[in-house]
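Residue numbers (the working numbering): 475 to 1620.
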């Protein structure tokens, strides 16, 4: 009996969960392994359908309703609506049901339409045809029918239908070129490699005869990592085991380029593909405004409950007197008399809750969402933020944080590619202490690119000459560059002499700069063909080196190596990397001269790399090969094992020299940083570069100034003194000049204080963050934060990606809880972009991982200035007015209703008609504030750009502080008192006419409770709308149309509502009320008088504050007003062009 099945099952289910959960076995072409090799256990995997939609036809309504009612405001209004249905309440269920239905319906339609588009896209993707191999023949079927294990053929310019292991291609060397623009935005061609043992299978019959199994990890979302191995069975012998990595994996969504066709086996399909796993959204970020809004809602909910309680208590106090509870005209039934007192009181409490519930504005959420969504287009439409060179414009990945752009207190920026262009230029190299400068300038003449210029010793010896050529060969071989020729990649090559016409493509601009630089010094890299690297030497001879191993670069090791074999059989390991990671591994070479040159170049702001090598004897290489192979085929902890193997291999090196590459500052980077600092924002630079290089860049971009006193918190300093002593010494230094007071966040450029700049490295940060022996790490962190708060700028160098996120988190969670922004352009910046309150990606040369994971993306660092100082400023001003105004107009709306209860025996009688209750927030007052929140410019765009200090006026959520919130609330209460008692005193003296109507004694106006309520409502609608008009600084025809149009709509609606007998109404209590009210002259006078009195306090407050305590913004507004009076009218008109959409230039 064959026990292999039992053995495999026992191993899989009893040897621990990890062994079977973390890996899967795939049978290539669904062919069982040979008998005795291993048991064939069919595995179930999903089909290749992509489902990006949230809903189906059957679950849309219940699922969408569930999601919408998870929002507290919606759920609250649902409860109120149900209470109105269940008990006898003073208002119709329509008054709260209709607005709720409107909000729910609009949101459902929007989400349903978006999901329908997703369904449409999914169907198009799932039904596209795919070629796969079946019984040695090519068969076509729909993409959704693909299964794990199917062998697929993909042709040039087609997209891979699922994640494939690359088996073979039409190219002889078993490679293919791929673009991953739809995955990570990188448009450069990447080279992928077929499995060594299958790359010779070029026909359908060959591929169908393949007998192999693949073991790999379970699906992971990381696009750049893959761990697996393939077992190829030949003639039923022991299988050949080959490692599989990301270079063998072709991802769904990537496109095949410059290759006629490829064959691959499906390993991840449908929702298990890496592309699908990356669909899931990032964790939700919430803005400070949204948090304030929620707190204000809770306050108003408490006010609502208080009002309901007060009215309930007073009702029973009032009814305690004889005949008030049961007047002669309204006798109770026996069952009503016997009802439980507490039940009656609770029912009355709920009825009052219903009556006053409009103080909580349900439509505010919809208006805020619309404002954020529509407002985000102003960034994407901004032509000044469009980059002509790259053809890229700004992107908005989330509109939830627009206003947060106006609240930023700390900016954490990457250096390379963010502050600098990431456009590298080879400046010089130092070999054995001799400096070589291509195209050196001598006496004003540009010298030709010969063998280079020796700036130190004009006659290097023979040994140096050998080292020099070895250095150039190392630069030509130690890289991962692809060569794109002028001819078609698959076509015949030109002669070696024409190698200089090659175009080098790499994910790292440094590598291209080095290879192009060494080309000018006489050595040209030609291509990689059949695993042989070809270079052209100074004598125009082609040298061929067999590529044996690549020890890939990673941000932890900060170096890469290659192992190559020359035509003479010598085996070399060439290594290049950062000086801090190469020097400790060197045992020979002119270390001190090269170190001195590296430090000098770093001070000048150049990026430096060191180059080293060692010769390997065949026996030593076999040991290295076995070590690397064991690590490569590991399924568990492959990365850790590879790192350990690399550490063992890359040691005992001989130092050859160093290179210097210049990365120029981006255009206007210095101006942008200067403007941000004037705006009171602290700028920190977080970089992986060495301290000297980063410090030079910081001086160049004006982060550090000539009078800035630099403080160092580095490993070197800590080695001389303890961390405790260094921190306390720095603390004393910074606090001495500030008189023991912590410098305010916004006093960074204060003239009367010493300017400090702090430099810290990654190792020192680790010590600060490390818990102390007593288990606490708070003291060091607090001391470090105290020092940072008193520094105008901070530079963090030698930072690992996770340390960048640690720094952001440390500041974010400090006691002031400042709003942070992180900006970067590379994959190493993603962690800090996700950690910060606002993440901005620069659409740069290091791919689009940062842009994809960010909240916003900009083409250049300089665009950050306008994004924060202009767009962010406007967004915050607009939404803060929107929030405060919504609460204000609802206080004006409901407080008269509360006062009315004191005059109607707490009978829960409504002051306003049902139509007015329903339409107040939906129609009469909604559009003006929405348009204000989209169009308002309290000062001009040019003014905000010229005077960054205006940003300080809105810092720390200034317009949504409790003082401002209380002012708006009391203003609403005052206006409500004016509306109510102004109308009340007019109708105070009344008489009954012969036909039973009530008439005012002094004005002879026909009067009733609906006339009273309509008068109050009319004054209120006009007051709250004109209050917004008074707050508007930037008038366009759209504002005029909406504000005066809303008032006109109210008047026309009221005339129609009360002027026509509507057949669908059971009773029409508003019939002729509005027309009768307007037929009275005193009513017109009273409306005008009450509106004036209501608006007067706000006008007086504004005038007095502007005269006595003007803010910087108000001073600018006053200056501008005087200038506009002196100049011709309509000065601001052209600014509308900055807001309205215009076609994008291409």
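Note that beta-carbon positions come from the ideal geometry of N, C-alpha and C, so glycine has one too.
Three-state class that DSSP yields for residue 1165 in the structure shown: helix
Quick one: grab the DSSP three-state call for residue 980. coil
Three-state secondary structure (DSSP) at residue 1310? coil
Note down, one range per segment and in chain order, each beta strand (DSSP E) of at least 3 residues found wholly within the stretch 562-642. 603-608, 611-616 and 625-629
Could you spell out the range, first to last residue, of the alpha helix (DSSP H) harbouring residue 1271? Note, residue 1271: premise wrong, no alpha helix (DSSP H); beta strand (DSSP E) at 1267-1271.
Which same chain residues, not among the five before or five after residue 786, have their C-beta less than 7 Å away from its C-beta? 819, 822, 823 and 826
Consult DSSP for residue 955 and reduce its assignment to one of helix, strand or coil. coil
Applying the 10 Å Cβ sphere with the 16-neighbour rule, what's the burial state of residue 1013? exposed
So for residue 901, helix, strand or coil by DSSP? strand
Cα separation between residue 1441 and residue 1449? 12 Å
Relative to the alpha-carbon of residue 1145, which residue among 697, 577 and 1336 has its alpha-carbon at the smallest distance? 1336
Check whether the stretch 1398-1408 and the stretch 1505-1522 are in contact - that is, three or more C-beta pairs closer than 8 Å. yes
For residue 718, which beta-bridge partners are listed by DSSP? 702
Tell whether a beta-carbon distance below 8 Å holds between residue 828 and residue 577. no
Whole angstroms is fine: what's the gap from residue 671's alpha carbon to residue 1063's? 41 Å
Using DSSP bridges, identify the partner residues of residue 1387. The partner list for residue 1387 (beta bridge, DSSP) is empty, contrary to what the question assumes.
Residue(s) in a DSSP beta bridge with residue 666: 650
With the cut-off set at 8 Å, would you say residue 1327 and residue 1304 are in Cβ contact? yes
For the alpha helix (DSSP H) that residue 1350 lies in, which residues bound it at each end? 1347-1374
Around the C-beta of residue 768, are 16 or more other C-beta atoms found within 10 angstroms, so that it is buried, or is it exposed? exposed
So, are the CB atoms of residue 985 and residue 954 less than 8 Å apart? yes
Those residues which DSSP pairs with residue 1297 across a bridge: 887 and 1314
Quick one: using the 10 Å Cβ neighbour count with 16 as the cut-off for buried, is residue 551 buried or exposed? buried
Entirely within the stretch 1107-1150 and at least 3 residues each: give me those beta strand (DSSP E) ranges in chain order. 1127-1139
By how many angstroms is the C-alpha of residue 1286 removed from the C-alpha of residue 713? 54 Å
Taking the alpha carbon of residue 763 as the reference point, which residue from 1039, 1527, 839 and 1592 has its own alpha carbon closest? 839
Check whether the stretch 1073-1082 and the stretch 1113-1126 are in contact - that is, three or more C-beta pairs closer than 8 Å. no
Looking at the structure shown, is residue 1063 part of a helix, part of a strand, or coil, going by DSSP? coil
So what's residue 839 in DSSP terms, helix, strand or just coil? helix
Cα-Cα, which of 942, 1091, 1567 and 1236 is closest to residue 992? 942
Residues bridged to residue 1203 by DSSP? Answer is none; residue 1203 lacks a bridge partner.
Decide yes or no for the touch test of the stretch 1345-1362 against the stretch 1424-1434: beta carbon pairs closer than 8 Å, at least 3 of them. yes
For residue 497, list the residues DSSP reports as bridge partners. 691
Do you know how far the Cα of residue 1300 is from the Cα of residue 1149? 25 Å
Evaluate residue 973 with the Cβ neighbour count: other Cβ atoms within 10 Å of its Cβ, from every protein chain shown; 16 or more gives buried, anything less gives exposed. Model confidence at residue 973 stands at a pLDDT of 41, short of 50, so the residue's coordinates are unreliable; what they give is reported in the following sentence. So residue 973 ends up on the buried side.
Beta bridge counterpart(s) of residue 908 as assigned by DSSP: 905
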